[in-house]
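Engineer: In the numbering used here, the protein residues as written are 582 to 853.
Quick one: this structure, given as structure tokens, is what I'll be asking you about.
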């Protein structure tokens with residue numbers, strides 16, 4: 582078998598992917614184009630004195646296009662845990678639904694709830710089984726957190742596309758705006774945060790991520806769309822009321838305006 586020959590105007594040169602497209606190579610037919618895939622973007626989680634707070638923006642993107650403005654990215658996994666999604670939206674939501682059913686099934690069969698670490702292991706197995714699709718560009722990177730009834734504290738677990746999972750001590754963020762969100766949380770985090778302080782810090786993290794990352798959606802005041810925020814404590818999973826989230830974003834925006842006007846220094850300290 583000889584090397585394929587091309588007209589000068591059609592020569593793919595050193596581009597091997599282009600060579601496969603021209604010759605109809607295995608797994609990449611000639612003229613193939615990547616499928617449009619909707620992606621969820623930024624989610625965060627952090628501990629506070631009574632449990633954990635988890636939040637996610639509402640924007641889903643498809644390349645450089647906004648595919649959905651009010652997507653839900655934070656879900657209850659069961660009564661004492663929550664899962665948030667980033668990555669390919671379709672497979673991510675499907676994984677969450679299957680995870681919810683798996684935890685419910687275990688509890689019905691065994692008569693007891695799975696431990697928080699056991700739940701994290703179950704989710705890791707699902708992510709690992711998804712690896713063939715991740716290699717094709719449909720990666721799903723969840724964030725898992727909950728209240729550990731045995732130790733009485735909130736715990737956070739993060740994942741990679743191979744199914745590896747790691748416990749975070751205080752906070753984590755993932756998705757396209759994850760770096761900016763983590764930086765914001767890092768600057769404001771301290772032990773013993775109250776529920777209100779933790780919710781405010783999560784709101785700040787998503788605001789700063791949206792300010793730097795085009796894929797992350799900030800508060801949409803015109804449409805009344807705000808990021809989802811949930812709290813998990815010993816009392817169980819609770820979604821923070823949208824009115825409260827809107828109020829905290831309003832306070833943050835007012836603070837930013839005062840800072841720009843020179844009325845306050847960054848952090849809310851009055852300027853001299």
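Idealized CB from N, CA, C, for every residue including glycine.
In this text the structure is predicted, and so the values were computed from the model without any measurement.
DSSP state of residue 735, grouped into three classes?
Structural biologist: Three-state DSSP puts residue 735 in a strand.
Engineer: Please list, in chain order, all residues of the same chain as residue 711 whose beta carbon is under 7 Å from its beta carbon, the five residues on each side excluded.
Structural biologist: So the qualifying residues of the chain are 672, 676, 721.
Engineer: Tell me, please, whether the region 728 to 744 touches the region 758 to 771 by the rule of three or more beta-carbon pairs shorter than 8 Å.
Structural biologist: The region 728 to 744 is not in contact with the region 758 to 771.
Engineer: Can you tell which of 696, 767, 757 has its C-alpha closest to the C-alpha of residue 793?
Structural biologist: Ranking 696, 767, 757 by Cα distance to residue 793 puts 757 first.
Engineer: To the nearest angstrom, how far is the alpha carbon of residue 647 from that of residue 660?
Structural biologist: Roughly 32 Å separates the two Cα atoms.
Engineer: Using 7 Å as the threshold, is the C-beta distance between residue 626 and residue 726 below it?
Structural biologist: Contact: yes.
Engineer: Does residue 686 pass the burial test, meaning 16 or more other C-beta atoms within 10 Å, or should it be called exposed?
Structural biologist: Residue 686 comes out exposed.
Engineer: Using 8 Å for Cβ pairs, my map puts residue 623 next to residue 787. What's the rounded Cβ distance?
Structural biologist: That pair is a contact at about 6 Å.
Engineer: Measuring alpha carbon to alpha carbon, tell me which residue in 628, 640, 662 is nearest residue 819.
Structural biologist: For residue 819, the nearest C-alpha among the options comes from 662.
Engineer: Using three-state DSSP, classify residue 646 as helix, strand or coil.
Structural biologist: Three-state DSSP puts residue 646 in a strand.
Engineer: Quick check for students: name the residue ranges of the beta strand (DSSP E) that lie wholly in the region 651 to 677, counting only runs of 3 or more.
Structural biologist: Listed in chain order, the complete beta strand (DSSP E) runs (minimum 3 residues) inside the region 651 to 677 are 655 to 659, 662 to 665.
Engineer: Could you give the residue range of the alpha helix (DSSP H) that holds residue 833?
Structural biologist: Element bounds for residue 833: 823 to 842.
Engineer: Residue 632 and residue 814 - do their beta-carbons sit closer together than 7 Å?
Structural biologist: For residue 814 and residue 632, yes; Cβs fall inside 7 Å.
Engineer: Could you pull out every residue in the same chain whose Cβ sits closer than 6 Å to the Cβ of residue 654, ignoring the five residues on either side in sequence?
Structural biologist: Once the five neighbours on either side are set aside, the close Cβ partners of residue 654 are 621, 624, 637, 665, 666.
Engineer: Only counting the same chain, and skipping five residues up and downstream in sequence, which positions put a Cβ closer than 6 Å to that of residue 748?
Structural biologist: Excluding positions up to five away in sequence, the list reads 738.
Engineer: When you compare each of 690, 702, 692 to residue 680 by their alpha carbons, which one comes out closest?
Structural biologist: Closest by alpha carbon: 702.
Engineer: Starting from residue 724, follow its DSSP beta bridges and name the residues at the other end.
Structural biologist: Per DSSP, 665, 739.
Engineer: My output table needs one value for residue 765: the three-state DSSP class, helix, strand or coil.
Structural biologist: Helix.
Engineer: Three-state secondary structure (DSSP) at residue 820?
Structural biologist: If DSSP states are grouped into helix, strand and coil, residue 820 belongs with the strands.
Engineer: In three-state DSSP terms, what is residue 802?
Structural biologist: In this structure, residue 802 counts as coil in the three-state DSSP scheme.
Engineer: So for residue 629, helix, strand or coil by DSSP?
Structural biologist: It is a strand residue.
Engineer: When DSSP labels each residue in this structure, what does residue 775 get in the three-state scheme?
Structural biologist: Residue 775 falls in the coil class under three-state DSSP.
Engineer: Taking its Cβ as the centre, do 16 or more other Cβ atoms sit within 10 Å of residue 611, making it buried, or is it exposed?
Structural biologist: Note that residue 611 scores 41 on pLDDT, short of 50, meaning its location in the model is unreliable and no value can be drawn from it.
Engineer: Label residue 761 either buried or exposed according to how many other C-beta atoms from any shown protein chain fall within 10 Å of its C-beta, with 16 as the threshold for buried.
Structural biologist: The residue in question, residue 761, is buried, as its Cβ has 16 or more Cβ neighbours within 10 Å.
Engineer: Compute the Euclidean distance between the alpha carbons of residue 674 and residue 668, then round it to the nearest angstrom.
Structural biologist: Cα-Cα distance, rounded: 10 Å.
Engineer: Determine which residues share a DSSP beta bridge with residue 814 and list them.
Structural biologist: DSSP output for residue 814 lists 632, 817 as bridge partner(s).
Engineer: Looking only at C-alpha atoms, which of 587, 826, 715 sits nearest to residue 785?
Structural biologist: Checking every option, the nearest Cα to that of residue 785 belongs to 826.
Engineer: Check for me: the alpha helix (DSSP H) holding residue 705 runs from which residue to which?
Structural biologist: Run containing residue 705: 697 to 710, per the alpha helix (DSSP H) assignment.
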